[in-house]
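Q: Numbering (our numbering), first residue to last: 5 to 145.
What follows is a single structure, and I will ask about it in a moment.
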């Protein structure tokens, strides 16, 4: 998911482009305004942490682009492309390393496990909003 800062900075295409160039397949995409309730469910595992309220406030401050990507070892690849959560530790060439300065205004969310991905996909997408399609170039990836 790209967060409100990405839209404000006109970086949506850049982020999607990086994931596509890696060879990942986009099967779900939508722009949405996240309710406080949905944000609280999304970040439930952080509820007792001091930064929880900032996470919820930021993700509900403007529209986000929710996405579902598919590919071999997709979660690991997306996490590597995304970079470390702490911008000062994110390597140049990663999305956070190139475009993020502040942890509390992190520009992208990436699921940390296949189980988290499944839970998060179900929070943001109905099954009929995901589109399986034949990728004629899949043999190259």
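From the three backbone atoms N, C-alpha and C, an ideal C-beta is built for every residue, glycine too.
Can you check DSSP and say which residues form a bridge with residue 74?
A: In DSSP, residue 74 forms a bridge with 29.
Q: Determine contact between the stretch 70 to 79 and the stretch 88 to 100, defined as no fewer than three beta-carbon pairs at a distance below 8 Å.
A: With the cut-off at 8 Å, the stretch 70 to 79 and the stretch 88 to 100 do not touch.
Q: How big is the Cα-Cα spacing for residue 105 and residue 85?
A: Approximately 16 Å, taken between the alpha carbons.
Q: To which residues of the same chain is residue 38 closer than 8 Å at the C-beta, ignoring the five residues directly before and after it?
A: Correct list, in chain order: 46, 63, 64, 68.
Q: With DSSP as the reference, label residue 34 as helix, strand or coil.
A: Here residue 34 sits in strand by DSSP.
Q: How many angstroms separate the CA atom of residue 44 from the CA atom of residue 56?
A: If you take the alpha carbons of residue 44 and residue 56, they lie about 9 Å apart.
Q: Which one of 40, 75, 16 has the shortest CA to CA distance from residue 29?
A: When only C-alpha atoms are compared, the closest one is 75.
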